[in-house]
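Structure record follows, encoded as structure tokens.
Numbering (the working numbering), first residue to last: -19 to 117.
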């Protein structure tokens, strides 16, 4: 089923989120591990881009044609929400990966921003799996 592949990708996303979260728990650790953290953000970026490409080009176009109106409407809403989340993630990535020392120099804000983006991505994955996919069948 189509959702099985998405669920597999969600597992990869959860793993990348968890690995990044483990490195972002206090300012001292963030300052010491900024290179490692940047690599983790890069890994998450790659996984998310692959996932979003699949959703944009295959999953959601199929769901927008689904026989159930509820699935179509929810899919439209998720497309809009994800566009915003993608933009927020791109801004986060640009803010902290563009300049080599930006993580270290802004460690407190980096921790807050990271926690916020990780939470938003996690919630999105949960919503797809617990609200949308059960409707699809």
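Note that beta-carbon positions come from the ideal geometry of N, C-alpha and C, so glycine has one too.
All figures in this text were calculated on a predicted structure; none of them were measured in a lab.
Helix or strand or just coil, what does DSSP make of residue i?
i	result
residue 3	coil
residue 114	helix
residue 81	coil
residue 86	coil
Let me confirm a value: residue i is counted as buried when at least 16 other C-beta atoms fall within 10 Å, else exposed. Which label applies?
i	result
residue 57	exposed
residue 14	buried
residue 54	buried
residue 87	buried
residue 110	exposed
residue 72	buried
residue -9	exposed
residue 28	buried
residue 42	exposed
residue -11	buried
residue 44	exposed
residue -18	exposed
residue 35	buried
residue 2	exposed
residue 70	exposed
Residue i and residue j: beta carbons closer than 8 Å?
i	j	result
residue 84	residue -5	no
residue 24	residue -15	no
residue 105	residue 51	no
residue 17	residue 40	no
From residue i to residue j, what does the alpha carbon distance come to, in whole angstroms?
i	j	result
residue 90	residue 79	13 Å
residue 31	residue 77	21 Å
residue 7	residue 92	11 Å
Problem set entry | Continuous alpha helix (DSSP H) assignments of at least 4 residues falling wholly in the region 14 to 66 | Assignment of alpha helix (DSSP H) within the region 14 to 66, counting only whole runs of 4 or more residues, yields 14 to 34 and 40 to 43 in chain order.
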